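Since the structure comes first, as C-alpha cells, the remarks are kept for the end.
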Amino acid sequence: MPFGRSCGARLKTAIFHANAGFGHRKIAEIIHREFLERGFADSDVICEDALDSTPPIFRSAYPAVYYYSVKYAPNSWGATYELLDQPRWCRAVHPLRSAANRFFAGALLKRMEALQPDLMIFTHFLSAELFSRAKREGRIRSKLVTVITDFYPHAYWVNPGTDLYWVMSKEGKEDLAARGVPESAVRDGGIPVGRDFLPQGRRKETLEKWHFESGRFTILLTSGSFGLGPTAGILQELETFKDRIQVFVVCGNNKAAEAELKAKKFSFPCQIFGFVGFMPDLMEASDLMIAKSGGSTTCESLTKGLPMVVLKPIPGQETRNARLLKMRNASFFMDQPSEIKPILNAIFRHPEILAERKEAIRELARPHAAQDLVTEALRGL
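So for the sequence shown, the numbering used here puts the first residue at 6; every next one is plus one.
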C-alpha cells in the first residue's frame with residue numbers, strides 16, 4: 006500500500022537514522038516504539054538506516070570516516086567539525102555534500118517519492134538534507150521532522166523545507182534562532198529516551214542480584230567508548246576508596262577490555278559486564294556514572310537522575326554536550342583517571358555537592374521526550 010493518504014487511509018510514517026554513531030539508531034528505534042505503543046501498525050511505521058539503501062562502498066565508508074577520525078585524529082576531527090559549522094564553509098561544501106547524498110541515496114529517494122509518507126522523522130542529517138531538498142523541489146509532500154541528537158545543533162542539521170526541529174533544550178532552540186530558523190518551527194523537548202529509563206524502583210533488587218551492599222556508594226563505569234587504558238586507570242585510582250565503594254563496569258562491545266578486566270582482582274566489590282540489556286537497572290542502582298558525553302547516554306542518565314563524571318569529551322559534538330552540562334552545573338568533569346580522586350573526596354566530605362547536581366539534572370531532564378515528540382509530530386496530520 007503506498008504511503009500517500011486518501012479518504013480513510015491510515016497515516017504512514019518513515020523514520021530514518023544512519024549507522025554513524027550508535028545514538029542515531031537508538032533514538033530512531035525509541036521513536037518507532039513510541040508509535041507502536043500508540044497502536045500504529047508496524048506496517049504503517051518504517052524505521053530504517055538510510056545507508057542500507059546506498060551502494061556498499063558508501064555504506065561502509067560513511068561511518069568509517071567518523072569512526073577512524075575520532076579514534077586516531079580526534080583533534081583534527083574537532084577542528085573540522087567546528088570549521089564546517091561556520092556559515093561560509095558550510096555553504097562552500099553544501100553543493101558537494103548534497104550532490105553526494107542524492108547520487109548515493111538516489112534509490113531511497115525514488116522509493117520515498119513513490120510511497121509518499123505523510124510524516125518523515127530524521128535522527129541523522131544525511132536523510133534530513135536529502136528529503137528537505139526533495140520537498141523544496143516538489144518531489145515529496147511529507148511533513149518533515151528533524152530530531153537533533155546532540156545538545157547543540159550543527160549547521161549540517163539546518164535544512165530549508167523542514168517543518169519541525171526537535172532539540173534538547175532552550176540553548177539548542179536559541180542556537181537555531183541565531184541561524185535564522187523561525188521560533189515556531191522549533192520545540193525544545195529533549196532527546197528521546199526509552200520508557201525503561203523512567204524510574205522503576207528496582208535499586209534494592211538490582212544491588213542484591215549482583216551481591217552489592219545497599220550502604221556502599223555505587224559507581225557505574227561505562228568503558229566501551231573509551232577503551233581499556235583509561236578504564237583500568239580509573240579502577241586503579243578507585244582503590245583509594247575500597248572501603249566505601251562498589252563498581253559496575255560495562256565494556257559494551259569491547260570484548261578485549263571485558264576479558265582483561267575480568268582477569269583482574271579488585272579490593273572492592275566490582276562486576277564486569279560486556280554489552281548489557283539492563284543498563285536502566287544499573288543506572289537506577291548507581292549513585293554516580295563515569296562516561297563519555299554522547300547525547301543519548303547523557304539523556305538516559307538525566308532521566309534516571311544519575312549524576313555523571315564526564316571523561317575527556319571527544320572534540321566536536323561531545324565537547325558541546327559537555328559545555329551545556331557544565332553551564333547548567335549538571336555534571337562533574339575530568340581529563341585524566343587521577344582526577345576521580347578529588348571528585349569523590351569532595352562528594353564524600355560534602356554530600357550537598359551531589360544533591361546540587363541532582364537538582365540541576367531535574368531541571369534539564371525531559372523524561373517524556375519521546376511521547377511529547379510523537380504528539381507534536383502528529384499534530385495537524
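Glycine residues also receive a C-beta, built at the ideal position from the N, C-alpha and C atoms. Remember, predicted model here, so these are calculated numbers, not experimental data.
DSSP three-state assignment for residue i, whether helix, strand or coil
i	result
K309	coil
K148	strand
C52	strand
A19	strand
L386	coil
L124	strand
A25	coil
F278	strand
L89	coil
L316	strand
G299	coil
Burial state of residue i, where buried means 16 or more other Cβ atoms lie within 10 Å
i	result
Y77	exposed
N259	buried
L386	exposed
A264	exposed
I2	The structure shown does not extend to residue 2, since the chain is modelled only from 6 through 386, so no value can be given for it.
Q251	buried
P158	buried
E289	buried
Q91	exposed
First through last residue of the beta strand (DSSP E) which encompasses residue i
i	result
F271	Premise fails: F271 is in no beta strand (DSSP E) and is neither H nor E.
Y170	169 to 172
D193	191 to 193
L293	293 to 296
F217	Segment: none, F217 is in no beta strand (DSSP E) and carries neither H nor E.
I250	250 to 255
Element boundaries [alpha helix (DSSP H), containing residue i]
i	result
T227	First-last for T227: 222 to 227, but that is the beta strand (DSSP E), not the alpha helix (DSSP H).
Q376	374 to 383
H338	It is Phe, not His, that sits at residue 338 in the sequence shown. Run containing F338: none in the alpha helix (DSSP H); it sits in the beta strand (DSSP E), 336 to 339.
V70	61 to 77
L101	92 to 109
L329	322 to 332
S137	130 to 141
F45	Note, F45: premise wrong, no alpha helix (DSSP H); not H, not E.
L359	357 to 369
Pair within 8 angstroms by beta-carbon distance, residue i and residue j
i	j	result
T2	G83	With the chain represented from 6 up to 386, any question about residue 2 goes unanswered, as that position is not in the structure.
D193	K178	yes
T154	H29	yes
D292	F337	no
L135	A110	yes
Minimum Cβ-Cβ distance from residue i to chain C less than 8 angstroms
i	result
T151	Of the chains in the structure shown, none is chain C; there is only one protein chain.
Tell me, please, whether the segment 189 to 206 touches the segment 344 to 364 by the rule of three or more beta-carbon pairs shorter than 8 angstroms. no
Would you call the segment 133 to 152 in contact with the segment 341 to 350, where contact means no fewer than 3 C-beta pairs closer than 8 angstroms? no
Examine the Cβ distances between the segment 34 to 44 and the segment 84 to 98 and report whether three or more of them are shorter than 8 angstroms. no
Cβ contact (3+ pairs, closer than 8 angstroms) linking the segment 48 to 57 and the segment 23 to 30: Short answer: they touch.
Between the segment 359 to 373 and the segment 327 to 337, do three or more beta carbon pairs fall short of 8 angstroms? yes
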